[in-house]
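For the sequence shown, this note's numbering begins at 7 and goes up steadily by one.
Glycine included, every Cβ here is placed at the ideal spot set by N, Cα and C.
Computed from a prediction, not measured in an experiment: that's the story for all the values here.
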Amino acid sequence: MTIKSTYDLCLFSADQPFVTINDLFRLLQQKYGDIYRFRGTFRWVVVVSNPDLANEVLTKRVKYPFRPEVEIVKVFGIRNNIEEGLGTLQGEAWWHLRKPAQDHMLKPTAVQLYIPLIEQVAEDFVATLRGVPVIEDCLKTLVSVSTECVGMLCFNRRLGCLDGQSIVNMEDLNTIFTSTAEAGRFFKPYKYFRTPFYKRFEKAVQNLHSITDKEIEGALRRLRDGTNQGVDGDTSEPNLLLSMLSDGRLNKEKINVLITNLFGGGIDSTSNTLAFLWHELAVNADKQENIYQEIVTTVGNGDLNKESLSKMSYVKACLKESMRKNFPINVGSIRIFDNDCFVSGYHIPKKTPILIASNNISKDARFHKHPDQFIPERFLRRENTTDAEVKHTHPFAYLPFGFGPRSCIGQRFAETEILVLTIKLIQNFRISLPPGSDRHLESVTRTFTAPARKVTLHLTRRTGT
Ligand code: HEM
Numbered sequence: 007m008t009i010k011s012t013y014d015l016c017l018f019s020a021d022q023p024f025v026t027i028n029d030l031f032r033l034l035q036q037k038y039g040d041i042y043r044f045r046g047t048f049r050w051v052v053v054v055s056n057p058d059l060a061n062e063v064l065t066k067r068v069k070y071p072f073r074p075e076v077e078i079v080k081v082f083g084i085r086n087n088i089e090e091g092l093g094t095l096q097g098e099a100w101w102h103l104r105k106p107a108q109d110h111m112l113k114p115t116a117v118q119l120y121i122p123l124i125e126q127v128a129e130d131f132v133a134t135l136r137g138v139p140v141i142e143d144c145l146k147t148l149v150s151v152s153t154e155c156v157g158m159l160c161f162n163r164r165l166g167c168l169d170g171q172s173i174v175n176m177e178d179l180n181t182i183f184t185s186t187a188e189a190g191r192f193f194k195p196y197k198y199f200r201t202p203f204y205k206r207f208e209k210a211v212q213n214l215h216s217i218t219d220k221e222i223e224g225a226l227r228r229l230r231d232g233t234n235q236g237v238d239g240d241t242s243e244p245n246l247l248l249s250m251l252s253d254g255r256l257n258k259e260k261i262n263v264l265i266t267n268l269f270g271g272g273i274d275s276t277s278n279t280l281a282f283l284w285h286e287l288a289v290n291a292d293k294q295e296n297i298y299q300e301i302v303t304t305v306g307n308g309d310l311n312k313e314s315l316s317k318m319s320y321v322k323a324c325l326k327e328s329m330r331k332n333f334p335i336n337v338g339s340i341r342i343f344d345n346d347c348f349v350s351g352y353h354i355p356k357k358t359p360i361l362i363a364s365n366n367i368s369k370d371a372r373f374h375k376h377p378d379q380f381i382p383e384r385f386l387r388r389e390n391t392t393d394a395e396v397k398h399t400h401p402f403a404y405l406p407f408g409f410g411p412r413s414c415i416g417q418r419f420a421e422t423e424i425l426v427l428t429i430k431l432i433q434n435f436r437i438s439l440p441p442g443s444d445r446h447l448e449s450v451t452r453t454f455t456a457p458a459r460k461v462t463l464h465l466t467r468r469t470g471t
């Protein structure tokens, strides 16, 4: 059976009242059902809008799942003679880089070792807030904090982002994160010419590369000198670079590419997710209070460790619910198969991109009741009749990190970072919006979904901290 439900987007047509690509996909889903063809530029894309179909696509047995690359990143690599990384490599070459990296990064025990390091960053961050009753621009602040955290993962040293001595230019980061979304639009002149837009992007990425090159050199030198076996010379501490070097499967150049990928991938993603989560907690004071009570009963004013973190299911539910409601990526995962395949009995010709509309699925009332409300309880495992109606039940109805071998390699690190920072903030402060602010926060699409406006948070010091 071939797909008959077909939508051909006419660029200049005014017949669709949609505003965003997700609005358009919602309209098409209502018109054609959970699977249809869509032609946006010059090729057909199959869109699926249902968790069962997402399951069917993402669990197809393929050795090397193919995700289309971000074109501007590929163009940059070719023009600058820089080896391809995880985001753009495909096939065996991708797996050659991915396998050793995930062996070290997706093991829960490996990431747990980072808890005290992230906690140290979190405590220093909280210290900067004492006596300051406000976080003026939440996202801007969180970019610095996330850079500091991912710097610990990648280079095993504090970068100084919290005290204004960042080696990373925040403007460069902003250019990179806003450009990758813009570069995905219909017309791509930068593929043929070095347009001013491309030049700005290129300069920013070159700057980032020169930082990571220098940092990796420094970290390698410290390892050679024996001055940084682990963190501060302690070998029992985590050290991704050291683990990758002693693993022996990747040479120095490949490790360099990988670490640069992780550093680049780990900032915008977590900072935006944190900004949405903290906004939700400021709006939903009762949920924030539940987190605080969980902190009080689990750690009080003390330090976190893997045991205490594993018991804190309410704050984890808040993170999940915030990512469900403020979905971190624009649409969802894309897969392309080398051979013809079938989805829900429909024949899909080989090389046709299949797009999982995860952003819409996560907000679809068929799969999460009252989707516009912030209800962390739907992600709690407890059995109770109040939660039953809103319960999250289908694992493929919530996929902020993608799924399968090509899913996010930084997932565990990101979750740990977000949880530790949030716990430390709520342990010390009650957060709220400035009086009169809009409780609703729209999002805009960059590489990751970002708040559409500046988020300001008021802080009230909790007694006893
Ligand atoms: C809340 C934070 C994050 C979210 C929501 C997120 C989301 C995603 C998603 C949706 C994908 C594509 C999955 C797919 O195609 O199925 C991805 C891939 C990736 N992510 Fe993340 N990510 C986050 C944090 C991070 C962090 C902290 C790092 C690095 C430390 C990172 C590094 C990467 C890399 C390198 C890939 C490409 C993996 C590959 O193709 O093999 N991400 N991420």
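| Check | Outcome |
| --- | --- |
| Option nearest residue 460 by Cα separation, candidates 454, 449, 224 and 69 | 449 |
| Closer than 6 Å: residue 147 CB and nearest ligand 1 heavy atom | no |
| Residue environment, residue 304, which counts as buried when at least 16 other CB atoms sit within 10 Å | buried |
| Any 3 or more C-beta pairs closer than 8 Å across the stretch 53-63 and the stretch 83-95 | no |
| Residue 25 classed as buried or exposed, judged by whether at least 16 other C-beta atoms fall within 10 angstroms | exposed |
| Which of helix, strand or coil DSSP assigns to residue 457 | strand |
| Backbone CA spacing between residue 315 and residue 354 [nearest angstrom] | 44 Å |
| Residue 279: first and last residue of the uninterrupted beta strand (DSSP E) it sits in | Segment 274-289 is the alpha helix (DSSP H) holding residue 279; no beta strand (DSSP E) there. |
| As assigned by DSSP and simplified to three states, the class of residue 402 | helix |
| Buried or exposed (CB count within 10 angstroms, at least 16 for buried), residue 458 | exposed |
| Span separating the alpha-carbon of residue 357 from that of residue 312 | 43 Å |
| Residue-level contact to chain C via CB, residue 71, 7 Å cutoff | Within the model displayed, chain C is absent; a lone protein chain is all it includes. |
| DSSP three-state assignment for residue 42, whether helix, strand or coil | strand |
| Classification of residue 154 by the beta-carbon crowding that lies within 10 angstroms, buried from 16 upward | buried |
| Beta strand (DSSP E) segments (min. 3 residues) lying fully within the stretch 352-421 | 352-354 and 360-362 |
| Residue 257 versus 226, 76, 282 and 278, residue with shortest Cα-Cα distance | 226 |
| Chain-order list of residues whose beta-carbon lies under 7 Å from that of residue 195 (same chain, five-residue window excluded) | 201 |
| Closest by C-alpha distance to residue 466, when choosing among 138, 101 and 350 | 138 |
| Residue 412 vs residue 114 beta-carbon contact at 7 Å | no |
| Three-state secondary structure (DSSP) of residue 182 | helix |
| beta-carbon residue 122 near ligand 1 non-hydrogen atom, thresh 6 Å | no |
| Heavy atom of ligand 1 within 6 Å of residue 267 beta-carbon | yes |
| Nearest-angstrom Cβ-Cβ length linking residue 420 and residue 272, presumed shorter than 8 Å | 7 Å |
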